[in-house]
Amino acid sequence: MDRRRFLTLSTAVTGAMLLSQCSIPSQRPNRLLKSQSGQLSIDLAASPTAVNLVGMRSHLLAYNQQVPGPQLEVRPGDTVEIRFTNQLDTPSNLHFHGLHLPPTGEADNPLRMVAPGETALYRFTIPADHRAGTFWYHPHHHGNVASQVAGGLAGLLVVRGDLDEIPEIQAAQEAFLVLQDFDLNWRGQLQEPMPMFRMWGREGNHISINGQAPPTLPLPQSGLLRLRLLNASPSRVYRLQLKKHPWHLIATDGGALGEPVETDEVVLAPGERAELLVPGTREPGTYEIVNLPYDRGTMDMMSGRMGHGMMGSGRMAHSSAQAEPIQVARLTYQAGAAAVPLPKALILVESLPEPEISREFVLDHGIDAQTGQPFLINGQAFDHSRVDAQAKLGSVEDWWIINKAGLDHPFHLHTNSFQVISRDRKPEPYRAWRDVVNVRAYEVVQIRVPFRDFAGKTVFHCHVLDHEDQGMMGIVEIAA
Ligand SMILES: [Cu+2]
Numbered sequence: 040m041d042r043r044r045f046l047t048l049s050t051a052v053t054g055a056m057l058l059s060q061c062s063i064p065s066q067r068p069n070r071l072l073k074s075q076s077g078q079l080s081i082d083l084a085a086s087p088t089a090v091n092l093v094g095m096r097s098h099l100l101a102y103n104q105q106v107p108g109p110q111l112e113v114r115p116g117d118t119v120e121i122r123f124t125n126q127l128d129t130p131s132n133l134h135f136h137g138l139h140l141p142p143t144g145e146a147d148n149p150l151r152m153v154a155p156g157e158t159a160l161y162r163f164t165i166p167a168d169h170r171a172g173t174f175w176y177h178p179h180h181h182g183n184v185a186s187q188v189a190g191g192l193a194g195l196l197v198v199r200g201d202l203d204e205i206p207e208i209q210a211a212q213e214a215f216l217v218l219q220d221f222d223l224n225w226r227g228q229l230q231e232p233m234p235m236f237r238m239w240g241r242e243g244n245h246i247s248i249n250g251q252a253p254p255t256l257p258l259p260q261s262g263l264l265r266l267r268l269l270n271a272s273p274s275r276v277y278r279l280q281l282k283k284h285p286w287h288l289i290a291t292d293g294g295a296l297g298e299p300v301e302t303d304e305v306v307l308a309p310g311e312r313a314e315l316l317v318p319g320t321r322e323p324g325t326y327e328i329v330n331l332p333y334d335r336g337t338m339d340m341m342s343g344r345m346g347h348g349m350m351g352s353g354r355m356a357h358s359s360a361q362a363e364p365i366q367v368a369r370l371t372y373q374a375g376a377a378a379v380p381l382p383k384a385l386i387l388v389e390s391l392p393e394p395e396i397s398r399e400f401v402l403d404h405g406i407d408a409q410t411g412q413p414f415l416i417n418g419q420a421f422d423h424s425r426v427d428a429q430a431k432l433g434s435v436e437d438w439w440i441i442n443k444a445g446l447d448h449p450f451h452l453h454t455n456s457f458q459v460i461s462r463d464r465k466p467e468p469y470r471a472w473r474d475v476v477n478v479r480a481y482e483v484v485q486i487r488v489p490f491r492d493f494a495g496k497t498v499f500h501c502h503v504l505d506h507e508d509q510g511m512m513g514i515v516e517i518a519a
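Numbering (this note's numbering), first residue to last: 40 to 519.
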């Protein structure tokens, strides 16, 4: 693609995004399915569905005809039964992203396949000591993940627990923001990405928040607003800022931090979640959350890999389809609520013991001799019959994720959350549980993983889902 074509495309895309902001809100808020008396038992069907998305009739893929899918809420100790029907024309399945569950059988089994037309039962118990947090569900059938998630298949799965019982947090207003992007033509149909965009990881020309245009959220004056964010986009990295107003990070992917951390930007790679508290302590008015341009390294790919060298710097440095800040939500002060201070302490994040084993995982681009796939971990593309690492049940391991490529690769591990220890050998400033860490182009990230329970085979992969589908995934087998 030459420069002029890229410019034309990015201008068109930005235009479409701006347009979608002033269009009418559409879908009603999506349905909440909460466990009752310790049980959540639901039917969930994935199907092609026409929905109103950011004011436009759009032909997407939906769970129970909603984009995003219904919000599930459970508590530690609950049993969950989901009768999942695949009404798509491609194989699918369910992954319970971030939950600590067995990776086998009818639980969080990423190697299971649900054929078109089939119904499968998913059945598991949320461990009694499960951390509270913002988790989610989405399809995970290798080869179809990017297209199915890009079609809209994603939903929140919230575990309520100790974090929710902290009095200040209990008193806070709560808002969930599911960030998705869709590549739609003027008829509202999903577009197949060009081969180059499949390589970079597809990004859409419409951003939606909970399937709608940017919402306006009430911020209680002198009180607290708790924002719970999920990046359910297949490739886009969101770089969020609350303009002219403080906000405090209180939770990452795997649950609460030890204490609130005041922050400026919140960078959310695909699959990542964050929770923030906004204290209503400023001049009453309306404040804006914007998404700033973010360069995943696609520009470097364009100039370097293609050898033109004409886009190395200057205005085009941000490579995603987005060139300007885009509004994601507005917060409007609302008087009348009781004053609530920021909580001083949250939930203790344990310090993990020194690792018994250290391993390296090199992320790179190339061609795997066996599969021909271009996204590799330790020189190999995904093979469902190969075990790439053997972890001992009850042990703690350090994984060094070495990105030798010029693109960001958000690294995701199933089953067990981890803590980031260092990035480019600089220690992480605070302890946090995560299941996705964005490993930036040429960066080295050290994570520490406890394998305490749940034997079996599970996967780790890049959460740019086009990369996962094209090989950037491996299997770790956990055994006694
Ligand atoms: Cu990747």
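In this text, a Cβ means the ideal position worked out from N, Cα and C, and glycines have one as well.
(request) Run the CB neighbour count on W225, radius 10 Å, all protein chains shown included, and call it buried at 16 or more, exposed below. (result) On the sequence shown, residue 225 is found 186 positions in, with the first residue counted as 1. Burial call: exposed.
(message) Would you say the beta carbon of L446 is closer than 7 Å to some non-hydrogen atom of ligand 1?
(response) The residue you call residue 446 lines up with position 407 of the sequence shown. Under cutoff, so the answer is yes.
(request) Report buried or exposed for L71, applying the criterion of at least 16 other Cβ atoms within 10 angstroms of its Cβ. (result) Residue mapping note: residue 71 aligns to position 32 of the sequence shown, counting from 1. Its Cβ having fewer than 16 others within 10 Å, L71 is exposed.
(request) Have a look at I81 and N148 and give me their C-alpha separation to the nearest angstrom. (result) Walking along the sequence shown from the start, residue 81 turns up at place 42. Walking along the sequence shown from the start, residue 148 turns up at place 109. Computed Cα separation, rounded: 18 Å.
(request) Check whether the Cβ of M221 sits closer than 7 Å to any heavy atom of ligand 1, and report yes or no. (result) On the sequence shown, position 182 is the one that residue 221 refers to. Contrary to the premise, residue 221 reads as Phe rather than Met in this sequence. No; taking the cut-off as 7 Å, the Cβ of F221 has no heavy atom of ligand 1 nearer than that.
(request) With V537 as the anchor, note down where its alpha helix (DSSP H) starts and where it stops. (result) The chain is shown from 40 up to 519; residue 537 falls before or after that span and cannot be answered.
(request) Could you tell me whether any non-hydrogen atom of ligand 1 is closer than 7 Å to the CB of V503? (result) Counted from its first residue, the sequence shown places residue 503 at position 464. Correct: V503 has its Cβ closer than 7 Å to ligand 1.
(message) Please identify the residue among N125, Q78, G116 whose C-alpha is closest to the C-alpha of A101.
(response) For the purposes of this step, residue 101 is taken as the residue at position 62 of the sequence shown. Nearest C-alpha to A101: N125.
(message) Quick test of the definition: if touching needs 3 or more C-beta pairs under 8 Å, does the region 186-193 touch the region 165-174?
(response) The region 186-193 is not in contact with the region 165-174.
(request) Would you mind reading off the limits of the beta strand (DSSP E) that contains E207? (result) By 1-based counting over the sequence shown, the position of residue 207 is 168. First-last for E207: 206-210, but that is the alpha helix (DSSP H), not the beta strand (DSSP E).
(message) Which of the three DSSP states is assigned to W175 in this structure?
(response) Along the sequence shown, one-based indexing puts residue 175 at 136. In the structure shown, W175 sits in a strand (DSSP, three-state: E or B).
(request) Could you check which residue in D201, M511, G182 has the C-alpha nearest to that of V113? (result) As a position in the sequence shown, residue 113 is number 74, starting the count at 1. Considering only alpha carbons, the answer is D201.
(request) Over the uninterrupted beta strand (DSSP E) stretch that includes H134, give me the two end residues. (result) Reading the sequence shown from its first residue, position 95 is the one you call residue 134. Annotation: the continuous beta strand (DSSP E) that includes H134 extends over 134-136.
(request) Determine the contact status of V503 and W439, defining contact as a CB-CB distance below 8 Å. (result) Here residue 503 refers to the residue found at position 464 when the sequence shown is read from its first residue. Here residue 439 refers to the residue found at position 400 when the sequence shown is read from its first residue. No, they are not a contact pair.
(message) Based on DSSP bridge pairs, tell me the residues matched to R462.
(response) As a working mapping, residue 462 is identified with position 423 in the sequence shown. Partner(s): K465, V484.
(request) Using 10 angstroms around the beta-carbon of G351, count the other beta-carbons present and answer buried if the total reaches 16, otherwise exposed. (result) Numbered from 1 along the sequence shown, position 312 holds the residue referred to as residue 351. Summary for G351: the model assigns pLDDT 30, below 50, so the residue's position carries little reliability; its value from the coordinates is reported in the next sentence. Under this definition G351 is an exposed residue.
(request) Just mark P406 as buried or exposed, buried being the case when its beta carbon has 16 or more other beta carbons within 10 Å. (result) Here residue 406 refers to the residue found at position 367 when the sequence shown is read from its first residue. Note on identity: in this sequence residue 406 is Ile, with Pro being the wrong assignment. Counting Cβ neighbours within 10 Å, I406 comes out exposed, since fewer than 16 surround it.
(message) Which of the three DSSP states is assigned to W472 in this structure?
(response) Position 433 of the sequence shown, counted from the start, is the residue given in the question as residue 472. Taken through DSSP and simplified to helix, strand or coil, W472 comes out as coil.
(message) For H287 and R265, what's the separation of their Cα atoms in angstroms?
(response) The residue you call residue 287 lines up with position 248 of the sequence shown. The residue you call residue 265 lines up with position 226 of the sequence shown. C-alpha separation (whole angstroms): 10 Å.
(message) Am I right that P107 and N249 are in contact with their C-beta atoms under 8 Å? What's the rounded C-beta distance?
(response) As a first step, residue 107 is located in the sequence shown; it is residue number 68 there, counting from the start. As a first step, residue 249 is located in the sequence shown; it is residue number 210 there, counting from the start. Right, the Cβ-Cβ distance comes to about 7 Å (below 8 Å), so this counts as a contact.
(message) Excluding the 5 residues flanking E301 on each side, which residues of the same chain have their C-beta closer than 7 Å to its C-beta?
(response) As a working note, residue 301 is residue 262 in the sequence shown. Cβ neighbours of E301 beyond the five flanking positions: P285, H287.
(request) Examine ligand 2 and report whether any of its heavy atoms sits within less than 7 Å of the Cβ of F499. (result) Ligand 2 is absent from the structure shown, which contains only ligand 1.
(message) Going by beta-carbon coordinates alone, are L150 and H423 separated by less than 8 Å?
(response) Walking along the sequence shown from the start, residue 150 turns up at place 111. Walking along the sequence shown from the start, residue 423 turns up at place 384. Going by C-beta atoms, L150 is nearer than 8 Å to H423.
(request) Please report how far the alpha carbon of Y469 lies from the alpha carbon of H245, in whole angstroms. (result) Reading the sequence shown from its first residue, position 430 is the one you call residue 469. Reading the sequence shown from its first residue, position 206 is the one you call residue 245. Using only the alpha carbons, I get a separation of about 34 Å.
(request) Determine the DSSP secondary structure at T88, reduced to helix, strand or coil. (result) On the sequence shown, position 49 is the one that residue 88 refers to. Strand, per DSSP.
(request) Measure the Cβ-Cβ separation of H453 and T497 and say whether it is below 8 Å. (result) Taking the first residue of the sequence shown as position 1, residue 453 is located at position 414. Taking the first residue of the sequence shown as position 1, residue 497 is located at position 458. Closer than 8 Å, so yes.
(request) Please confirm whether any heavy atom of ligand 1 lies closer than 7 Å to the CB of H181. (result) Counting from one through the sequence shown, the residue named residue 181 turns up at place 142. H181: no, Cβ never under 7 Å from ligand 1.
(message) Any heavy atom of ligand 1 closer than 7 Å to the beta-carbon of M512?
(response) Here residue 512 refers to the residue found at position 473 of the sequence shown. False, no ligand heavy atom lies under 7 Å from that Cβ.
(message) Considering just the uninterrupted stretch of the beta strand (DSSP E) at D505, what are its terminal residues?
(response) Looking up residue 505 in the sequence shown gives position 466. Looking at the DSSP string, D505 is not in any beta strand (DSSP E); the run it does join, the alpha helix (DSSP H), is 504-508.
(message) Measuring only from the beta carbon, is F414 closer than 7 Å to any heavy atom that is part of ligand 1?
(response) Counted from its first residue, the sequence shown places residue 414 at position 375. Within the cutoff, so yes.
(message) Taking 7 Å as the cut-off, is the beta-carbon of H134 closer than that to any non-hydrogen atom of ligand 1?
(response) On the sequence shown, residue 134 is found 95 positions in, with the first residue counted as 1. False, no ligand heavy atom lies under 7 Å from that Cβ.
(message) For a test of the three-state rule: what should DSSP assign to L391, helix, strand or coil?
(response) Within the sequence shown, numbered from 1, the residue matching residue 391 stands at position 352. L391 falls in the coil class under three-state DSSP.
(request) Indicate whether the contact test is met: 3 or more Cβ pairs, each with one atom in the region 250-264 and one in the region 313-331, closer than 8 Å. (result) yes
(message) For a test of the three-state rule: what should DSSP assign to D82, helix, strand or coil?
(response) Counted from its first residue, the sequence shown places residue 82 at position 43. The answer is strand: DSSP assigns D82 an E or B state.
(request) State the DSSP-derived secondary structure class of P364, mapped to helix, strand or coil. (result) Position 325 of the sequence shown, counted from the start, is the residue given in the question as residue 364. Coil.
(request) Would you give the residue range spanned by the beta strand (DSSP E) that F493 belongs to? (result) The residue labelled residue 493 in the question sits at position 454 within the sequence shown. Run containing F493: none; DSSP gives neither H nor E here.
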